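Participant: Heads up: the sequence lines are chains A and B, in that order.
Counting the first sequence from 1 gives a position; this note's numbering is that position plus 22.
Counting the second sequence from 1 gives a position; this note's numbering is that position plus 6.
My questions will all concern the structure given below.
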Amino acid sequence: MGYDPNNPMEGRITDIGPRYYDEFLPPVIKANKGKWLYHEIPAPGILIHTSETGAKCYTVRVGAARLMSIEHIREMCDIADAHCEGYLRFTTRNNVEFMTDSEDSMKSLIEDLKSRGNKFPIGGTGACITNIVHTQGWVHCHTPATDASGPVKCVMDELFDYFGSMKLPAQLRVALACCLNMCGAVHASDIAILGIHRKPPMIDHGHITGVCELPLAIASCPLGAVKPAKVVVDGKEIKSVKVNAERCMYCGNCYTMCPAMPLADPDGDGIAILVGGKISNRISAPKFSKLVIPFLPNNPPRWPEVVEAIVNIVKVYAENANKYERLGEWAERIGWEKFFEKCNIPFTEKSIDDYRMAYETWHTTTQFKYTSATASYTD
Amino acid sequence: MSKHDTPMLDELEKGPWPSFVTDLKRQAETKPECWDILGQLELSYEDKITHWKHGGIVGIFGYGGGVVGRYSDVPDRFPGVEHFHTVRVNQPSSKYYSTKFLRGICDLWEKYGSGMTNMHGSTGDMVLLGTRTENLEPLFWDLTHDLNQDIGGSGSNLRTPSCCLGQSRCEFACYDTQEICHTLTNHYQDELHRPAFPYKYKFKFSGCANDCVAAIARSDLAVIGTWKDDIRIDQAAVKEYMAGNYPANAGAHAGRDWGAFDIQKEVIDLCPTGCMSMEGDELKVDNSECTRCMHCINVMPRAMRPGKEQGATICMGAKAPILEGAQFATMIIPFVKIEKENEYEAVINVIESVWDWWMEHGKNRERVGEAMQRIGLANFLSIIGVEPLPQHIQEPRSNAYIFWREEEVPGGFERDIVEFRKRHAA
Ligand code: HEM
Ligand code: HEM
Ligand code: HEM
Ligand code: HEM
Ligand code: SF4
Ligand code: SF4
Ligand code: SF4
Ligand code: SF4
Numbered sequence: 023m024g025y026d027p028n029n030p031m032e033g034r035i036t037d038i039g040p041r042y043y044d045e046f047l048p049p050v051i052k053a054n055k056g057k058w059l060y061h062e063i064p065a066p067g068i069l070i071h072t073s074e075t076g077a078k079c080y081t082v083r084v085g086a087a088r089l090m091s092i093e094h095i096r097e098m099c100d101i102a103d104a105h106c107e108g109y110l111r112f113t114t115r116n117n118v119e120f121m122t123d124s125e126d127s128m129k130s131l132i133e134d135l136k137s138r139g140n141k142f143p144i145g146g147t148g149a150c151i152t153n154i155v156h157t158q159g160w161v162h163c164h165t166p167a168t169d170a171s172g173p174v175k176c177v178m179d180e181l182f183d184y185f186g187s188m189k190l191p192a193q194l195r196v197a198l199a200c201c202l203n204m205c206g207a208v209h210a211s212d213i214a215i216l217g218i219h220r221k222p223p224m225i226d227h228g229h230i231t232g233v234c235e236l237p238l239a240i241a242s243c244p245l246g247a248v249k250p251a252k253v254v255v256d257g258k259e260i261k262s263v264k265v266n267a268e269r270c271m272y273c274g275n276c277y278t279m280c281p282a283m284p285l286a287d288p289d290g291d292g293i294a295i296l297v298g299g300k301i302s303n304r305i306s307a308p309k310f311s312k313l314v315i316p317f318l319p320n321n322p323p324r325w326p327e328v329v330e331a332i333v334n335i336v337k338v339y340a341e342n343a344n345k346y347e348r349l350g351e352w353a354e355r356i357g358w359e360k361f362f363e364k365c366n367i368p369f370t371e372k373s374i375d376d377y378r379m380a381y382e383t384w385h386t387t388t389q390f391k392y393t394s395a396t397a398s399y400t401d
Numbered sequence: 007m008s009k010h011d012t013p014m015l016d017e018l019e020k021g022p023w024p025s026f027v028t029d030l031k032r033q034a035e036t037k038p039e040c041w042d043i044l045g046q047l048e049l050s051y052e053d054k055i056t057h058w059k060h061g062g063i064v065g066i067f068g069y070g071g072g073v074v075g076r077y078s079d080v081p082d083r084f085p086g087v088e089h090f091h092t093v094r095v096n097q098p099s100s101k102y103y104s105t106k107f108l109r110g111i112c113d114l115w116e117k118y119g120s121g122m123t124n125m126h127g128s129t130g131d132m133v134l135l136g137t138r139t140e141n142l143e144p145l146f147w148d149l150t151h152d153l154n155q156d157i158g159g160s161g162s163n164l165r166t167p168s169c170c171l172g173q174s175r176c177e178f179a180c181y182d183t184q185e186i187c188h189t190l191t192n193h194y195q196d197e198l199h200r201p202a203f204p205y206k207y208k209f210k211f212s213g214c215a216n217d218c219v220a221a222i223a224r225s226d227l228a229v230i231g232t233w234k235d236d237i238r239i240d241q242a243a244v245k246e247y248m249a250g251n252y253p254a255n256a257g258a259h260a261g262r263d264w265g266a267f268d269i270q271k272e273v274i275d276l277c278p279t280g281c282m283s284m285e286g287d288e289l290k291v292d293n294s295e296c297t298r299c300m301h302c303i304n305v306m307p308r309a310m311r312p313g314k315e316q317g318a319t320i321c322m323g324a325k326a327p328i329l330e331g332a333q334f335a336t337m338i339i340p341f342v343k344i345e346k347e348n349e350y351e352a353v354i355n356v357i358e359s360v361w362d363w364w365m366e367h368g369k370n371r372e373r374v375g376e377a378m379q380r381i382g383l384a385n386f387l388s389i390i391g392v393e394p395l396p397q398h399i400q401e402p403r404s405n406a407y408i409f410w411r412e413e414e415v416p417g418g419f420e421r422d423i424v425e426f427r428k429r430h431a432a
């Protein structure tokens, strides 16, 4: 049997959803679901969960590149078959977890993982920098302002020591999205690496007819910067659009609706760094990440400026924050003016919000700290 | 499809983190189109710009999403990636797999695709990266017939729901995130596969306020586990922590010498509500003041547990910045029981009360969170039939520009100017 192109509806199966997760639970997980009492992290990357039945689940967490081949997946299946009764799981942050119910098989599992070069780094638990969540970049998408897999690899290479250790004040989550759409949802990360465009879209009048529904392109712009226009192409007047460059914030929404409005550009595009976001409700409420470095160039293959900026922020945070304090909590405690000073990041007007509801971010109190930034007033 | 020189990408084979370039090269030995992935990516590294064209509509017959179309803008140089569509495969709850199933997916993708994947995509799906249009239907046939597995969502529809690992391996979980995620994914297959919404809509299920799937930041409907009775305390275990016999935060901070564990400094003083204290050698929590932030439980998992009467808080309207700026989800339903026995009726009622309104009144490409802003929280609550509570706001408004409904004002808005003028000369 199999698919028959002449008879596509014959025997078709649809709307069956995902496989039932219960089929895929390792035996120790299945037997103790809902009965877990507590967990311990005896070493970076190792979790031991203890059930009220006394059973224990030993988990080894390893990092992975999200862009992954089936050869690599098959290798992980071999490992899981050898040590974990044929089961494994992936975490939300692109890590892989191998689980077993005995300390001995955990030990042989770890030996096996370590024997395979740098393919399976163990870590990603506790007060660490775990894997970076990210988007597609130049590997698959049509709107990116930077690559994703490449910068992630470069940053993780430099932060590798923090992946396999637990010496930070709290967990530090890094995320990368390659354009403002933020498929990688970086807006609440301790450190967000965000691809940004800086030039308004070009308009391909020669191709716009037929590929673009003009009203949709016009309506797509959140700032009303796209307007109808009549232009002459090959001596003929056609309906097209124009862009008011002063209003454009280079979000690419118009390009998503209209292929004749590309905006990517080798010199215009690059990376902004936002910091201090968090998701967890622990101690303080979730926070958005805030823009501290408006632009760093795309400098493949190793993005040295981006890597350096991030390593610097991580180091200053690690030295200064209190135990349990997330990056954003630390910055708020000392004040953002101190954050810029301590991290030696030049403050620019680009960090002052001028979009809607910007006023909420302005400083409406006389309470502030003197830093090097105010020196010209105090010296 | 032959090998290309990739001097820039080769630099990414160095360093301790796993290299996707090495992995691609390994896969290229059996799937030569991977050489063209590398070749085109190298070109992007030289040009500092993407070489993928705008999508184009491709998909599975009868479905409105689940496939993202993609074409190369340099197909002559890299014919192996001329078409490079992705297929989103709906992941099982919490992403546990048997190797048998995963190998089945690998074999399928060896047959019909590039051999490259994302494990996983941002919303949660397995992403099979790169195939040709003519392979889509045969792939879908084999996926459903041989692997009993469906694809996920994309477009203006219900996106593939996702959950944290919950009770399967986490002692903090206040409900079974996996089961409700699976049940509702199946319950709403039509909404998932056939876009009929103004824009995308996401559910996410986290078992507690640590929110490991980032529900409060990423979902239109975030279901976050909580409890309504008292935190359970094992006083003997508290003493073990104080004596340094159990590692604080399960050992999460063990990589650095933070000094001896200090319950006052690390737990009581960091409690955001100040509702904890030591009475003699007993740890007390004033539970009526606790906001269930999870901090004390995280620090002393063997001594503190969520209460026994568990359920979830429902928050609504989170989204990334496009278009109207980023929003976290707003707390709407303080507590709801998550009950398999009645097929999650309480949660389903909440979901559908929003959809009924949003499908009719939401604007094109307007997320629920934006629609909520447009009409205001008070109106939104009234539309979905939720009584306004002080818990819905951080603070009361500071302007007095109150809109009154006519029926709220005695006598209504209609007045008689002639009568008025008899008493007040013009
Ligand atoms: C202080 C806050 C947090 C604490 C105490 C905490 C605690 C935990 C614990 C105990 C687990 C292990 C569950 C298990 O393996 O049994 C876990 C898993 C996880 N956490 Fe957190 N977490 C916190 C915040 C976060 C945040 C903010 C994120 C992400 C944004 C996150 C992402 C994850 C992920 C991805 C997992 C793996 C579970 C999964 O993939 O479903 N956690 N967390
Ligand atoms: C207006 C905003 C957005 C637009 C126009 C947009 C567009 C796109 C496009 C074109 C892709 C395909 C990338 C590729 O070639 O594979 C994509 C992928 C994806 N997007 Fe978005 N996106 C938007 C916002 C979001 C948001 C806010 C989320 C999540 C909360 C999201 C989640 C995803 C996911 C999960 C993928 C799959 C690929 C991946 O995991 O990297 N998108 N999006
Ligand atoms: C394709 C889309 C996305 C993917 C694949 C994705 C993936 C992830 C993953 C895996 C995490 C880590 C969570 C965990 O460890 O359990 C995460 C965290 C987060 N995501 Fe997303 N996300 C996506 C879109 C979004 C969007 C659209 C938003 C916001 C609207 C968002 C906001 C966040 C936030 C705030 C965090 C927490 C970050 C942190 O604390 O580090 N994500 N995301
Ligand atoms: C729409 C809103 C407002 C309107 C229409 C309004 C109108 C007026 C008018 C007509 C007067 C002159 C009264 C008179 O001297 O006979 C006045 C005076 C005044 N208003 Fe307002 N006002 C508004 C809001 C405010 C607000 C928000 C504040 C303060 C925060 C404020 C503070 C004052 C003060 C201090 C005076 C002077 C009173 C005095 O001379 O003793 N007003 N306002
Ligand atoms: S973040 Fe932007 S560029 Fe990156 S995958 Fe999503 S839509 Fe494409
Ligand atoms: S890039 Fe964004 S802001 Fe600029 S014209 Fe297009 S839609 Fe409008
Ligand atoms: S959200 Fe809570 S219940 Fe779910 S895995 Fe994270 S800590 Fe456990
Ligand atoms: S859960 Fe949070 S608010 Fe409640 S007692 Fe513990 S630390 Fe305090």
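Beta carbons are placed, not taken as given, at the ideal position from N, Cα and C, and that holds for glycine.
Computed from a predicted structure; not experimentally measured.
Mind listing the chain C neighbours of C234 (chain A)? Cutoff is C-beta to C-beta under 9 Å, in chain order.
Facilitator: The structure shown contains no chain C; its protein chains are A and B.
Participant: Check the Cβ of L108 (chain B) against every Cβ in chain A and list those closer than 7 Å, keeping chain order.
Facilitator: Those are I95, C99, listed as they occur along chain A.
Participant: If we ignore side chains and look at the alpha-carbon of each, how far apart do I230 (chain A) and L153 (chain B) end up?
Facilitator: Taking the straight line from one Cα to the other gives about 43 Å.
Participant: Of all residues in the structure, which have a C-beta closer than 6 Å to any heavy atom of ligand 6, taken in chain order?
Facilitator: The answer, residue by residue, is A:P222, A:P223, A:S242, A:C243, A:L245, A:A247, A:V248, A:V265, A:C270, A:M271, A:Y272, A:C273, A:G274, A:N275, A:C276, A:L285.
Participant: Could you tell me whether the region 383 to 391 of chain A touches the region 337 to 348 of chain B, using the rule of 3 or more Cβ pairs below 8 Å?
Facilitator: No, the region 383 to 391 of chain A does not touch the region 337 to 348 of chain B.
Participant: At a Cβ cut of 7 Å, what residues of the region 68 to 86 of chain B count as close to chain A, listed as they run along the chain?
Facilitator: Residues G68, R76.
Participant: On the three-pair Cβ rule with 8 Å, is the region 40 to 48 of chain A touching the region 229 to 239 of chain B?
Facilitator: Cβ pair count under 8 Å is below three, so no.
Participant: What are the residues of the region 297 to 314 of chain B that lie near chain A, defined by any Cβ-Cβ distance shorter than 7 Å?
Facilitator: Listed by position, the residues of the region 297 to 314 of chain B near chain A (Cβ gap below 7 Å) are C299, M300, H301, N304, P307, R308.
Participant: Run through chain A and tell me which residues come within less than 7 Å of W58 (chain B), C-beta to C-beta.
Facilitator: By Cβ distance, chain A contributes H162, C163, H164.
Participant: Just to make sure I have the definition right: I need the residues of chain B whose C-beta is within less than 8 Å of the C-beta of R83 (chain A). Which are they?
Facilitator: Here the premise fails: no neighbours, minimum Cβ distance about 12 Å.
Participant: Can you tell me whether DSSP reads H71 (chain A) as helix, strand or coil?
Facilitator: Strand.
Participant: Quick test of your reading: N203 (chain A) and K54 (chain B), contact by CB under 8 Å. State the CB separation rounded to the nearest angstrom.
Facilitator: So it is not a contact: roughly 19 Å between Cβ atoms.
Participant: Please list, in chain order, the chain A residues whose beta carbon lies closer than 9 Å to that of F211 (chain B).
Facilitator: Here the premise fails: no neighbours, minimum Cβ distance about 12 Å.
Participant: Rounded to whole angstroms, what's the CA-CA distance from R371 (chain B) to G119 (chain B)? Just pull it up for me.
Facilitator: Those two C-alpha atoms are separated by around 32 Å.
Participant: Under a three-way DSSP split, which group does E285 (chain B) fall into?
Facilitator: Reduced to three states, the DSSP call for E285 (chain B) is strand.
Participant: Closer than 5 Å between the C-beta and any heavy atom of ligand 5: which residues qualify, listed along the chain?
Facilitator: Spelled out in chain order, the answer is A:T157, A:Q158, A:C163, A:T165, A:P166, A:A199, A:C200, A:C201, A:N203, A:C205.
Participant: Is the distance from the Cβ of L110 (chain A) to the Cβ of A214 (chain A) below 7 Å?
Facilitator: Their beta carbons are not under 7 Å apart, which means L110 (chain A) does not touch A214 (chain A) by this criterion.
Participant: How would you list, in chain order, the residues of chain B whose beta-carbon sits under 7 Å from the beta-carbon of Y43 (chain A)?
Facilitator: Within chain B, the residues near Y43 (chain A) are P98, S99, S100, Y102, Q184, H188.
Participant: Hey, is F182 (chain A)'s beta-carbon within less than 7 Å of any beta-carbon in chain B?
Facilitator: It does; some Cβ of chain B falls within 7 Å.
Participant: Measure the C-alpha to C-alpha separation of Q316 (chain B) and G75 (chain B) and round it to an integer number of angstroms.
Facilitator: Going by the C-alpha atoms only, they are around 43 Å apart.
Participant: Quick one: complete beta strand (DSSP E) runs, 3+ long, within the region 111 to 176 of chain B?
Facilitator: Fully enclosed beta strand (DSSP E) runs of 3 or longer: 119 to 124, 132 to 137.
Participant: Give me the residue from B:G65, B:R109, B:F84, B:Y77 with the minimum Cα distance to V93 (chain B).
Facilitator: Nearest C-alpha to V93 (chain B): B:G65.
Participant: Does ligand 8 have a heavy atom nearer than 6 Å to the CB of C296 (chain B)?
Facilitator: Within the cutoff, so yes.
Participant: Taking 7 Å as the threshold (beta carbon to beta carbon), is P167 (chain B) in contact with chain A?
Facilitator: No, its Cβ sits nowhere closer than 7 Å to a Cβ of chain A.
Participant: Rounded to the nearest angstrom, how far is the Cβ of M188 (chain A) from that of A258 (chain B), given a contact under 8 Å?
Facilitator: With a Cβ gap of about 6 Å, M188 (chain A) and A258 (chain B) count as contacting.
Participant: By DSSP, does A34 (chain B) sit in helix, in strand, or in coil?
Facilitator: It is helical.
Participant: When you compare only the Cα positions, how much space is there between F5 (chain B) and C187 (chain B)?
Facilitator: With chain B covering 7 to 432 only, the question about residue 5 (chain B) has no answer from this structure.
Participant: For the region 17 to 29 of chain B, which residues have a beta carbon sitting closer than 9 Å to at least one beta carbon of chain A?
Facilitator: So the close ones are E17, L18, K20, G21, P22, W23, P24, S25, F26, V27, T28, D29.
Participant: For W384 (chain A), does the count of other Cβ atoms within 10 angstroms reach 16, so buried, or fall short, so exposed?
Facilitator: Counting Cβ neighbours within 10 Å, W384 (chain A) comes out exposed, since fewer than 16 surround it.
Participant: So that I know if they touch, is there some Cβ in chain B lying closer than 7 Å to that of K55 (chain A)?
Facilitator: Closer than 7 Å to some Cβ of chain B, the Cβ of K55 (chain A) qualifies, so yes.
Participant: If you count every other CB in all the chains shown that lies within 10 Å of the CB of Y407 (chain B), and 16 or more means buried, which is it?
Facilitator: When all chains shown are included, Y407 (chain B) counts as exposed.
Participant: Which runs of the alpha helix (DSSP H) at least 4 residues long sit entirely within the region 323 to 374 of chain A? Give them in chain order.
Facilitator: DSSP runs (the alpha helix (DSSP H)) wholly in the region 323 to 374 of chain A: 326 to 342, 349 to 356, 358 to 365.
Participant: Name the one or two DSSP bridge partners that F67 (chain B) has.
Facilitator: DSSP output for F67 (chain B) lists no bridge partner at all.
Participant: By the criterion of Cβ-Cβ separation under 7 Å, what are the contact partners of D53 (chain B) in chain A?
Facilitator: The answer, in chain order, is P288.
Participant: Could one say the Cβ of I305 (chain A) lies closer than 7 Å to chain B's Cβ atoms, at least one of them?
Facilitator: Cβ-Cβ to chain B under 7 Å: yes for I305 (chain A).
Participant: Hey, is R32 (chain B)'s beta-carbon within less than 7 Å of any beta-carbon in chain A?
Facilitator: Chain A contact via Cβ: present.
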